[in-house]
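S.K.: Protein chains in written order, with my numbering: chain R, 1 to 188; chain E, 1001 to 1252.
Backbone N, C-alpha and C fix where the C-beta goes; we use that ideal spot for every residue, glycine too.
Just so we're clear, the structure is a prediction, and the values are computed from it rather than from any experiment.
The structure follows.
So this is what it looks like as structure tokens:
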């Protein structure tokens, strides 16, 4: 079969400092109604290379539901009770983000569960991809994590809060720099 | 994060020229580590990203539909109290994947400064007037050909604090989704012939001239409408997509 002709991709540019009135919206961080049964808080802080919080970052997450199903449902902008498995949260003045959601189950039997994450920020010239893994025994067999040196694995695994929530910091640079991902076919 | 004295445009331009001279031609991606854009210094990852095959949720973009977006959100000139000031324009184009297939029914979001170069954002300190009739954010869904279309006002250039007398070329911010989570793109669309291009460290963070041109819209007289609005065309190509049986439907 002939290799398809590939068009050159449009390059990315920074989200800049002025996205707050356009991209974040009230229901963005609320994938599930706060206080509803089975909801958890996924939260943390985004840091720069000097360890300072990043108050103008934006995170998006994509996740399976509590049964491991991947929702393909519209309604992320106007949720109306629908669980769409996608959310968006800007960091606050202290660099903190927080989502209210359900804990994803693995999409495949025996696999580790994770949130797929996109990171944007002023000063970050293109979006970055990463994952936030749910802690648990399935992590030991995860091919992505086991491909990493031990000391970097932790940058992808959330910590369990005492209330059942998940805490996860993102470090754009420096000590404990988050492992970012590039996907096959996204060369350049 | 400020150096003692802000750099001059000349020294920023010299830095850009040195980086470009050392770059390989054909580098299509935006540099993350691009010191002339001062805010990138502490915010670019220093380690090579880990190459992985996307799986599960990474293969499934979020889905948006009619219940998410009202058609009036594609017209940024609509305002209950009156019309915005500036050059009314239409910007339209197609969202395609790397194989040239249209990305259908997907969300496109834009945001921009007004005609005077001022954003509706509390952080924007540029002493240019706000326009009470212009908010500057819009959304639409692509049609069956992957086409988006916005009616808006041509944004003005504006000063920023990267260096002394720094000005951004006029641009519209675009946020795009593909069929997969991995195709996410946020970028900026520029206007042809802007004299600020060579001076702008954000635009110049793409070292390859042909790649930079992919961010510049084309003036399109076929989009321009009689006694109403000028027209610009701009197609967007997302990064790869991973052929899955589900996507084969698109070839039918």
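Using a Cβ cut-off of 9 angstroms (strictly closer), state whether residue 1043 of chain E contacts chain R.
M.R.: yes
S.K.: Any Cβ of chain E within less than 9 angstroms of the Cβ of residue 99 of chain R?
M.R.: No, residue 99 of chain R lies away from the interface with chain E (no Cβ there is under 9 angstroms from its Cβ).
S.K.: Contact between the segment 1206 to 1216 of chain E and the segment 8 to 19 of chain R: three or more CB pairs below 8 angstroms?
M.R.: yes
S.K.: So what does residue 1188 of chain E bridge to, in DSSP terms?
M.R.: E:1173
S.K.: For residue 1057 of chain E, which residues from the same chain have a beta carbon less than 7 angstroms from its beta carbon, with the 5 sequence-adjacent residues on both sides left out?
M.R.: 1181
S.K.: Mark residue 1234 of chain E as exposed unless 16 or more other C-beta atoms lie within 10 angstroms of its C-beta, in which case mark it buried.
M.R.: buried
S.K.: Count the other CB atoms, across all protein chains shown, that sit within 10 Å of the CB of residue 34 of chain R; report buried if there are 16 or more and exposed otherwise.
M.R.: exposed
S.K.: With a CB to CB cut of under 6 angstroms and the five nearest residues on each side skipped, what residues in its chain are close to residue 93 of chain R?
M.R.: 55
S.K.: Roughly how many angstroms lie between the CA atoms of residue 1158 of chain E and residue 1167 of chain E, to the nearest whole one?
M.R.: 5 angstroms
S.K.: Whole angstroms are fine: how far does the CA of residue 1011 of chain E sit from the CA of residue 1199 of chain E?
M.R.: 10 angstroms
S.K.: Can you give the beta carbon distance from residue 1176 of chain E to residue 1085 of chain E, rounded, assuming they're within the 8 angstroms contact cut?
M.R.: So it is not a contact: roughly 28 angstroms between Cβ atoms.
S.K.: Which chain B residues sit within Cβ distance under 7 angstroms of residue 1188 of chain E?
M.R.: No chain B is present in this structure, whose protein chains are R and E.
S.K.: Rounded to the nearest angstrom, how far is the Cβ of residue 58 of chain R from that of residue 98 of chain R, given a contact under 8 angstroms?
M.R.: Contact doesn't hold; Cβ gap of about 13 angstroms is too wide.
S.K.: Going by DSSP in three states, residue 1136 of chain E sits in which element: helix, strand or coil?
M.R.: Under the three-state reduction of DSSP, residue 1136 of chain E is assigned to coil, being neither helix nor strand.
S.K.: What residues in the segment 1042 to 1061 of chain E have a beta carbon less than 9 angstroms from any beta carbon of chain R?
M.R.: Here the close residues are 1042, 1043, 1044, 1045, 1046, 1047, 1048, 1049, 1050, 1051, 1052, 1053, 1054, 1055, 1056, 1057, 1058, 1059, 1060, 1061.
S.K.: Please report the straight-line C-alpha distance between residue 1041 of chain E and residue 179 of chain R, rounded to a whole angstrom.
M.R.: 18 angstroms
S.K.: The segment 1210 to 1226 of chain E: which residues have C-beta closer than 9 angstroms to a C-beta of chain R, in chain order?
M.R.: 1210, 1211, 1212, 1214, 1215
S.K.: Does residue 1233 of chain E come out as helix, strand or coil in the three-state DSSP assignment?
M.R.: Of the three classes helix, strand and coil, the one that applies to residue 1233 of chain E here is strand, per DSSP.
S.K.: Does the beta carbon of residue 159 of chain R come closer than 9 angstroms to any beta carbon on chain E?
M.R.: no
S.K.: What are the boundary residues of the beta strand (DSSP E) that includes residue 1152 of chain E?
M.R.: 1147 to 1153
S.K.: Taking the alpha helix (DSSP H) that residue 146 of chain R belongs to, which residues open and close that run?
M.R.: Membership of residue 146 of chain R in the alpha helix (DSSP H) is indicated by the continuous run 143 to 146.
S.K.: Any C-beta of chain E sitting closer than 9 angstroms to the C-beta of residue 167 of chain R?
M.R.: no
S.K.: Do three or more CB pairs link the segment 1088 to 1107 of chain E to the segment 1063 to 1079 of chain E at distances below 8 angstroms?
M.R.: yes
S.K.: So the candidates are E:1014, E:1031, E:1047, E:1020; which of them puts its Cα closest to the Cα of residue 171 of chain R?
M.R.: E:1047
S.K.: Take residue 143 of chain R as the anchor and find which of E:1097, E:1054, E:1021, E:1025 has the nearest alpha-carbon.
M.R.: E:1054
S.K.: Give, in chain order, every unbroken run of the alpha helix (DSSP H) that is at least 4 residues long and sits entirely within the segment 1058 to 1126 of chain E.
M.R.: none
S.K.: Exposed or buried, what is residue 1248 of chain E when buried is set at 16 or more other beta-carbons lying within 10 Å of its beta-carbon?
M.R.: Any reading at residue 1248 of chain E must be qualified, since the residue scores a pLDDT of 40, below 50, and its modelled position is unreliable; the value itself is stated next. So residue 1248 of chain E ends up on the exposed side.
S.K.: Relative to the C-alpha of residue 1089 of chain E, which candidate in E:1240, E:1239, E:1230 has its C-alpha closest?
M.R.: E:1230
S.K.: Counting C-beta neighbours from all protein chains within 10 Å, is the total for residue 52 of chain R 16 or more, i.e. buried, or is it exposed?
M.R.: It is exposed - the Cβ of residue 52 of chain R has fewer than 16 other Cβ atoms within 10 Å.
S.K.: Give the range of the beta strand (DSSP E) segment to which residue 41 of chain R is assigned.
M.R.: Element bounds for residue 41 of chain R: 39 to 47.
S.K.: Any beta-carbon of chain R closer than 9 angstroms to the one on residue 1197 of chain E?
M.R.: no
S.K.: For residue 1068 of chain E, which residues in chain R fall below 7 angstroms Cβ to Cβ?
M.R.: 74, 75, 76, 77, 78
S.K.: Could you compute how far the alpha carbon of residue 1070 of chain E sits from the alpha carbon of residue 22 of chain R?
M.R.: 15 angstroms
S.K.: Buried or exposed for residue 91 of chain R, going by 16 or more other Cβ atoms inside 10 Å?
M.R.: buried
S.K.: Pick helix, strand or coil for residue 87 of chain R, following the three-state DSSP scheme.
M.R.: strand
S.K.: Quick check: the Cα distance between residue 1117 of chain E and residue 1170 of chain E, rounded to an integer number of angstroms?
M.R.: Cα atoms of residue 1117 of chain E and residue 1170 of chain E: separation of roughly 8 angstroms, rounded to the nearest angstrom.
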